[in-house]
Structure formats: C-alpha cells, structure tokens
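Residue numbers (UniProt numbering): 1 to 681.
Idealized CB from N, CA, C, for every residue including glycine.
Here the structure is a predicted model, which means the values were calculated and not measured.
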C-alpha cells in the first residue's frame, strides 16, 4: 500500500473538487515545494485531522495486555499437540503485546525456547533462554530451563562439527568516485540521459557492479511478522518493540539500532503511518535517519548545493556517495505529476506533520525545528518515490520439498541512491538481488567498455509487449523508452510463441492486436473474437489452480488427472511454446515428485525448461531455477550422472545471476560434492 488508505484518498479528492479554480491553479503550478506544502497546510481544517485520526484507529498498534494470556495459552495448546511452529508464532504474538520486563514476557520467552528446540532452531533457542533468565524467569521453573540450555549447547556443538566451512566472501574493491560501486563503472551526465553509469572496462558476466545498503527501508504491511523491521532478514523468533505491538526485530541489536535511528519518533504514531501508506512512511523515516540538522542544511541551501558541481548529487570533491545529499538530489518531478496527485501528497504530508506535531518538530537536543522546512523535505521525498523507490524483493519457497516453487515477493520499499543512478532498459545488462537491506547488482551478460550499465525498472521485454511497456514507463517514470528492445520492435507488434493462441480449425498461430484475431495460414484465414480466446485462457488458469489446490489437500492422483486435462486444453488453445504450457509441465513435475515418481517428474521439467529457455534465454534466472529443480529431482531419484550434469548447468546460470554465495548456488555446490563422492566410490 504505497499511497494512503482509500478512504483518505477519497476525502482528499472531495476536498480538491471543492476548491476554487484559481486555488487549483496555484496548487498545480506551485512556485516551490515550500509553497506547495504551506498552501496545502493552510487548507487543512481540524475536521480533516479528526477524520485522519479516526482512520488510524483501524490500524492501532498499541499493546493489548489481554492478548498476552490468550496467545500464551493458545501456544501451550499447540505445543501439547506438537504443532511447534504454530506454538512459536503464538508465543511471539504474546511477546509483542507483553510489557517489557514483565514476568509474562520471561515465561513467553521460555515457552518459545521449548518450541524452538523441537524445531531444531538451537541457536535461537539459546537466545530465548538467555532472555527468559535476564527477564526474571521464576526460580522454581529454572531447572527445566537449565536442562534445555545444556541440551541446546550439546546440539550446537555437534552441528558446529558437521557444518561446512563458509567460502570466502567475493573480492570487492570500491570505486573511488562512486561509493558502493565497482571501479569498473564511471558516472556520466548528459542532457538526454541525466546521470548514468558507463562501463569503464570490459565487464564479465556475474561481476559485481554495485553493493549498497538501503539509505532507508520500510517493511510492507503483511510482512511485519515474517521479516525484521530493521535489517529485513527472515524472522525465526522475534524481539518485540518496547512501545508498540507492530515492530519486531531479529534481535536486540536491530531493535536498539532502529529505536535510536528512527523508531523512537515513529512508535507512538504506528497506526497513523500505516493509514498514510508506505511512501509517506519512507519519506518521514528518511528525515529521521538523516537527522534534522542535515535535512535543514540541504532544504535551506537547495540552490547552492549544485553550484559549481558538474554532476548533481556529487560532493564538492566530485564524489557521489550513498548519503542524504544523494537522496536529496533525486528528482521529485514536481512539474510532471498530475495536479490531483500533487495535492494528495501535499495535503497528506501537511496532515501528517500537523498530527505528529511536537514529536516531529523537536530535535534530539530539544531544539525546535521549523515545520515548513521539514514539511517541504517530507513532501519532496514523497514525490521522489514514484520514480525512485526500489522494491526490495525475495524468492519465497512454496510447494513440496522435492520440487519447491519459488515466487518473487516484495518485502519492503527502500531508497538506494547509488542504484538509482542506473537508467532503465527493457533488456537490461544487470540483475539485482537483495540480502536483507543490501542490494547487489551484477552483470547479467558481458558489457564491453563504453557501454551503458542498465537496470530494469519492472517492464521487461520478456514479460510485456512494447506498447504495454511504453505505457507503464510513461505513466510511472515520465519517459518514453528508447532502449534497444523498444526501438528494435517497431511496426505492428507480433506476439512471440510464448503468448500465441492457436487456430481451432487448422492449429496455425492466430495473429492480430485488435478485437479479432486472424489465422496466419493462407489457406484458412479464420477470424475469431480475441475475447473468446482470452476467456478460455482464464478458465484454463482456474483449472490449473484447482489442480494445485488438490495437491495441497494431499490428493495427488486427482491433481495429476486434472493437470492432464489442462494439458489437453492447452494443446487445443495455445502454441507449443506458450508459457502456460511450461507452467503445466512444471506443475506436473511437482505432483509426480510428491509421489516419488522421479523419472516422470524429470521428463516434465525438461519440457518446462525448453519452453522457459525459448522465452527468457538460456542464461536467465528463470532457466536457472528450472535447472535447479531438475537437479533436485534427479538427485532424489539417485540418477547420479544426470543429476551432476543438471547441477553444473544450474550453478553456471545461477552463479552469474545470484553470485557464488547465493543460497541456491551453495545448495548446488553441496549437491555436487555429494554426487562426486558417489561417482568416485
């Protein structure tokens, strides 16, 4: 939820509609961001503030002491049923509502440590035991805790002996003029491209070009129980915020760092910030992280910051850093946003500043900070985010252990000022991955010296047609894409084999972009409504989902039967290389793997790989992931030479895209070591 809740947006739209035309004109073309903020503030009435506060009550993050006992008892019930994962989650919820330092908190930590022990999370279990002891766990119950601690230490010692030593970190040298970037890059500036990066040397596939920690990151709603609110790492056993029930951390270090940097100010207004949306939250957190003194310096001296500097955002010595100066220098595109959007942002920021009042406008040392200065800065950052926000993503695993499916999910919205230097291409030469709040950009293919280093902002040539890509980029980023993928695809758009429908009469591909599709066969020339084909495709997808639901319910035989029917439907409707055909093959592989039918699972995966490779390319991460699945299936089926070959292919692709320390790559290396031993012995 990037923007405020819909009810607030509707309230602001009504406000906009009621304004006089002359006032709308002023708000549409403000003389400065300061003027836009002050004009929006002047229109804010007490009833607007009251309405916003009433909306924020729906997102209350206050601790509820009554939930501590109920969650703890529910956790105990799940524990007795040996549902340890559910029990640990319930104890975590109880902890998030418990008073810091209370006896209830110590008991919940101790109870959770028991669940974690049964889950094999021994190191986290030890941490919880320590927290319980520090929190005053009842002395009469301590012997059980001491025994668990001793058992845990024994288990940890055993695991340490079995643990494979970690490989050395990848060699990394930082650019002298661009912080967080490789020396292989240089920063350039032109009127047409603005700031952009050029290859200073020939760059090889897989080479790290950039490794940057987010200047600021805000976790997306829905991820609050799954990832640390500060470092974004997955949560196993959360440490709660001292003041609210919403923020949770992977440990005391992250909890302290967040509190000192920004959360101390945000905490009392958690519900308000959730109602205002992620963009407002990121903008406000940027102010807190930078510090009021730094923010005031740049806002008050905006014009002076660029005087005598050849590339905007650089220091006086010509260095571009991952700093607040670089964040401040990102373009807000005031003149390109619609008047209604600018008013929504300005009015929302004004309301946020008014409601937070003294909490926002008092510095760490108690000094007063001008409301117009910070209001202008927050508004600037909100407007920047439409073009400069970076989604922090991760691959989430689902499905059976034998053939796990991976789905990309957005964890957080962040600002990476150095990553923002890379311009867009629908056919990029880099791939970006995330480890917590750190982004790593690698060369996805060879980049010759002098070529621009390019990143994809979302619309990719393999996932969207040119017209759709151009429309999306113009609407969000305010530019008409002229990348090679767009300029090469001129004239009428012809769908690739991955998106084509088949003629029901002769099976030749259907063509056309209008309401009707025409058969490409000269002897047939059938013409049929496009909507009919699209309706059949929607139904096919529903049948595929129903088949996977059957698998989730443990009805593998019925799932296979349903998927075979889907395969027959797809053969009648779609071209052989259609991506949906590949999805069906992938689903069939998953079901057969669940049944332990490894040869059949491998056969379906090979057919899936053919489709995926034809669409995305042999070196794509999508092909790498399918090869990874194939290696898993062949390994489980004990087809040693074939598994080793698949693992080597998967590693070759994924090490370029994810790096040699990526979890999948590490697993493949372990798999290869095991297979090589089997071949030798």
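| query | What residue from 662, 129 and 99 has the CA that sits closest to residue 149's CA? | reply | Here residue 149 corresponds to residue number 149 of the chain shown, with the count starting at 1. Checked all of 662, 129 and 99; the closest Cα to residue 149 is 129.
| Proximity below 8 Å, CB of residue 389 to CB of residue 413 | The sequence position of residue 389 within the chain shown is 389, counting from 1. The sequence position of residue 413 within the chain shown is 413, counting from 1. Contact flag set, yes.
| message | Judging by CA-CA distance, which residue of 594, 621, 5 and 585 is the nearest neighbour of residue 607? | response | Mapped onto the chain shown, residue 607 falls at position 607. Comparing Cα-Cα distances from residue 607 to each of 594, 621, 5 and 585, the minimum goes to 585.
| request: On a CA-only basis, which of 58, 26, 59 and 53 is nearest residue 43? Give me that one, please. | output: The residue given as residue 43 occupies position 43 in the chain shown. Nearest option by C-alpha distance: 26.
| Is the segment 454-462 close to the segment 423-443, with three or more CB pairs under 8 Å? | yes
| request: Could you pull out every residue in the same chain whose Cβ sits closer than 7 Å to the Cβ of residue 564, ignoring the five residues on either side in sequence? | output: Position 564 of the chain shown, counting from 1, holds the residue named residue 564. Excluding residues within five positions, none has a Cβ falling inside 7 Å.
| message | Within a Cβ cutoff of 6 Å, which residues of the same chain sit near residue 492, ignoring the five residues on either side of it in sequence? | response | Stepping through the chain shown from its first residue, residue 492 is reached at position 492. Residue placement at residue 492 is flagged as unreliable, the pLDDT there being 40, under the threshold of 50; the coordinate-derived value follows with that caveat. Here the set comprises nothing.
| query | Are the segment 28-46 and the segment 77-92 touching, with three or more C-beta to C-beta distances below 8 Å? | reply | no
| field | C-alpha gap between residue 268 and residue 96, whole angstroms | value | Here residue 268 is taken as the residue at index 268 of the chain shown, counted from 1. Here residue 96 is taken as the residue at index 96 of the chain shown, counted from 1. C-alpha separation (whole angstroms): 15 Å.
| field | Integer Cβ distance of residue 274 from residue 59, believed to fall under 8 Å | value | Working through the chain shown from its first residue, we reach residue 274 at position 274. Working through the chain shown from its first residue, we reach residue 59 at position 59. So it is a contact: roughly 4 Å between Cβ atoms.
| message | Please report the straight-line C-alpha distance between residue 613 and residue 118, rounded to a whole angstrom. | response | Position 613 of the chain shown, counting from 1, holds the residue named residue 613. Position 118 of the chain shown, counting from 1, holds the residue named residue 118. So the two alpha carbons sit approximately 42 Å from each other.
| query | Are the beta-carbon atoms belonging to residue 568 and residue 559 less than 8 Å from one another? | reply | The sequence position of residue 568 within the chain shown is 568, counting from 1. The sequence position of residue 559 within the chain shown is 559, counting from 1. It is not a contact, given that the beta carbons lie outside the stated cut-off.
| request: May I have a chain-ordered list of the beta strand (DSSP E) segments no shorter than 3 residues that lie completely inside the segment 410-476? | output: 430-435 and 438-443
| When we look at the beta-carbon of residue 21 and count the other beta-carbons within 10 Å, is it buried (16 or more) or exposed? | Working through the chain shown from its first residue, we reach residue 21 at position 21. Burial call: exposed.
| Rounded to a whole number of angstroms, what is the C-alpha to C-alpha distance between residue 384 and residue 342? | The sequence position of residue 384 within the chain shown is 384, counting from 1. The sequence position of residue 342 within the chain shown is 342, counting from 1. Computed Cα separation, rounded: 11 Å.
| field | Outcome for residue 11 when other beta-carbon atoms lying within 10 angstroms are tallied against a minimum of 16 | value | The residue given as residue 11 occupies position 11 in the chain shown. Label assigned to residue 11: buried.
| message | In this structure, how does DSSP classify residue 190 when only helix, strand and coil are distinguished? | response | Here residue 190 refers to the residue found at position 190 when the chain shown is read from its first residue. Residue 190: strand per DSSP, three-state reduction.
| Cβ atoms of residue 486 and residue 472: under 8 Å apart, would you say? | Within the chain shown, residue 472 is the residue found at index 472, counting from 1. Within the chain shown, residue 486 is the residue found at index 486, counting from 1. Their beta carbons are not under 8 Å apart, which means residue 472 does not touch residue 486 by this criterion.
| Closest by CA to residue 254, which one among 315, 333, 241 and 265? | Here the question's residue 254 lines up with position 254 in the chain shown. Per the Cα distances, 241.
| message | On the CB-based measure, 16 or more other CB atoms within 10 Å of its CB, does residue 601 come out buried or exposed? | response | For the purposes of this step, residue 601 is identified with residue 601 of the chain shown, where counting begins at 1. Its Cβ being crowded by 16 or more others within 10 Å, residue 601 is buried.
| Between residue 262 and residue 256, what straight-line distance do the alpha-carbon atoms span, to the nearest angstrom? | The sequence position of residue 262 within the chain shown is 262, counting from 1. The sequence position of residue 256 within the chain shown is 256, counting from 1. The alpha-carbon atoms of residue 262 and residue 256 are separated by roughly 10 Å.
| said: Out of 658, 177, 627 and 652, which one is the CA nearest neighbour of residue 643? | reply: One-based indexing of the chain shown puts residue 643 at position 643. When only C-alpha atoms are compared, the closest one is 627.
| query | Do residue 446 and residue 205 have their C-beta atoms within less than 8 Å of each other? | reply | The residue you call residue 446 lines up with position 446 of the chain shown. The residue you call residue 205 lines up with position 205 of the chain shown. Against a cut-off of 8 Å, the Cβ pair of residue 205 and residue 446 comes out as a contact.
| said: On the CB-based measure, 16 or more other CB atoms within 10 Å of its CB, does residue 18 come out buried or exposed? | reply: Taking the chain shown and counting its residues from 1, one reaches residue 18 at position 18. Residue 18 comes out exposed.
| task | Tell me, please, which residues DSSP counts as bridged to residue 195. | result | The residue labelled residue 195 in the question sits at position 195 within the chain shown. Its beta-bridge partners are 189.
| query | Are the beta-carbon atoms belonging to residue 75 and residue 90 less than 8 Å from one another? | reply | Position 75 of the chain shown, counted from the start, is the residue given in the question as residue 75. Position 90 of the chain shown, counted from the start, is the residue given in the question as residue 90. The answer is yes: Cβ separation under 8 Å.
| Cβ-Cβ distance between residue 444 and residue 657 below 8 Å | By 1-based counting over the chain shown, the position of residue 444 is 444. By 1-based counting over the chain shown, the position of residue 657 is 657. Yes, the pair counts as a contact, with Cβ atoms nearer than the cut-off.
| query | For the 8 Å Cβ check, are there 3 or more pairs between the segment 289-302 and the segment 133-150? | reply | With a cut-off of 8 Å, the segment 133-150 and the segment 289-302 do not count as touching, because too few Cβ pairs lie within range.
| Backbone CA spacing between residue 284 and residue 378 [nearest angstrom] | Against the chain shown, residue 284 aligns to sequence position 284. Against the chain shown, residue 378 aligns to sequence position 378. Each residue's Cα considered, the two are about 6 Å apart.
| message | By the three-class DSSP mapping on this structure, what secondary structure does residue 518 have? | response | Working through the chain shown from its first residue, we reach residue 518 at position 518. Note: residue 518 maps to strand in three-state DSSP.
| said: Between which residues of its own chain and residue 566 is the CB-CB distance below 7 Å, once the five residues before and five after are set aside? | reply: Counted from its first residue, the chain shown places residue 566 at position 566. Answer for residue 566: 540, 543, 544, 547 and 584, listed in chain order.
| field | Burial state of residue 516, where buried means 16 or more other Cβ atoms lie within 10 Å | value | Here residue 516 corresponds to residue number 516 of the chain shown, with the count starting at 1. Under this definition residue 516 is an exposed residue.
| query | Do you know offhand how far residue 196's Cα is from residue 321's? | reply | In the chain shown, counting from the first residue as 1, residue 196 sits at position 196. In the chain shown, counting from the first residue as 1, residue 321 sits at position 321. Going by the C-alpha atoms only, they are around 14 Å apart.
| request: Pick out whichever of 622, 192 and 326 has its Cα sitting closest to the Cα of residue 480. | output: Counted from its first residue, the chain shown places residue 480 at position 480. Of the candidates 622, 192 and 326, the one whose C-alpha sits nearest the C-alpha of residue 480 is 192.
| said: With the cut-off set at 8 Å, would you say residue 181 and residue 210 are in Cβ contact? | reply: Taking the first residue of the chain shown as position 1, residue 181 is located at position 181. Taking the first residue of the chain shown as position 1, residue 210 is located at position 210. Yes, the pair counts as a contact, with Cβ atoms nearer than the cut-off.
| Residue closest to residue 501, alpha-carbon to alpha-carbon, out of 670, 348, 28 and 537 | The residue labelled residue 501 in the question sits at position 501 within the chain shown. The residue with the shortest Cα to Cα distance from residue 501 is 537.
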